[in-house]
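Visitor: Handing you this structure, nothing more for now.
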Amino acid sequence: MKRQLTLFDLQQYEQSPPTHDPIWDEIVREQDNHDTQQASKADSAVREQVNEDTKKIAPEHTHWLEEYWVKRCGKKHKYYRYCWMTGRKINRCHICSVNLPDAGDRKLAIEAAINSGREPKEIENLIHSWRGQVL
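Straight run, no breaks: the sequence shown in our numbering ends on number 1275.
Have a look at this one:
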């Protein structure tokens, strides 16, 4: 018969039965349990439940306007772009350069469309309608 090797000799450690200490019971009984008795009442511990849907999404969380820059030939060129979320994917659409004379008006038009609650596809179509215009 083969014997399994162990790190410790478990034979030398004896299992002692748990001891009951009556003094400990008296100490626990003498403690002030008013806090735990009040917290166990479900009426005072549980707050009122929400009856309406709280998953409201603000338009600025689903689509927004941002300014970004690109470095070319050692110079920074700034642009505006419109961003919107489809699921967890961020889509982007280039608007125009910040330096164009019409850039401020385009930015305000897109911000107004976002604030009025227009859909991202409508705003994207608005941006594409500006593409053919000469400034």
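Here a beta-carbon is modelled for each residue, glycine too, at the ideal position from N, C-alpha and C.
So what's residue 1265 in DSSP terms, helix, strand or just coil?
Guide: Sequence index remark: in the sequence shown, residue 1265 carries index 125 (1-based). Three-state DSSP puts residue 1265 in a helix.
Visitor: CA-CA distance, residue 1237 and residue 1217?
Guide: On the sequence shown, residue 1237 is found 97 positions in, with the first residue counted as 1. On the sequence shown, residue 1217 is found 77 positions in, with the first residue counted as 1. C-alpha separation (whole angstroms): 8 Å.
Visitor: Does DSSP put residue 1160 in a helix, a strand or coil?
Guide: Residue numbering aside, residue 1160 sits at position 20 when the sequence shown is read from its first letter. Residue 1160: coil per DSSP, three-state reduction.
Visitor: Using the Cβ count rule (16 or more neighbours within 10 Å means buried), how would you classify residue 1222?
Guide: Looking up residue 1222 in the sequence shown gives position 82. By the 10 Å Cβ count, residue 1222 comes out buried.
Visitor: Assign residue 1253 to one of two classes, buried (16 or more other C-beta atoms within 10 Å of its C-beta) or exposed (fewer than that).
Guide: Reading the sequence shown from its first residue, position 113 is the one you call residue 1253. Classification of residue 1253: buried, given that the 10 Å Cβ count is 16 or more.
Visitor: Would you list the one or two residues that DSSP bridges to residue 1211?
Guide: For the purposes of this step, residue 1211 is taken as the residue at position 71 of the sequence shown. 1216, per the DSSP bridge assignment.
Visitor: According to DSSP, is residue 1166 part of a helix, a strand, or is it coil?
Guide: Here residue 1166 corresponds to residue number 26 of the sequence shown, with the count starting at 1. In the structure shown, residue 1166 sits in a helix (DSSP, three-state: H, G or I).
Visitor: Taking DSSP as the reference, what is the three-state secondary structure of residue 1150?
Guide: On the sequence shown, position 10 is the one that residue 1150 refers to. Note: residue 1150 maps to helix in three-state DSSP.
Visitor: Let me know the secondary structure DSSP gives residue 1240 once reduced to three states.
Guide: Indexing the sequence shown from 1 puts residue 1240 at position 100. Correct three-state label for residue 1240: coil.
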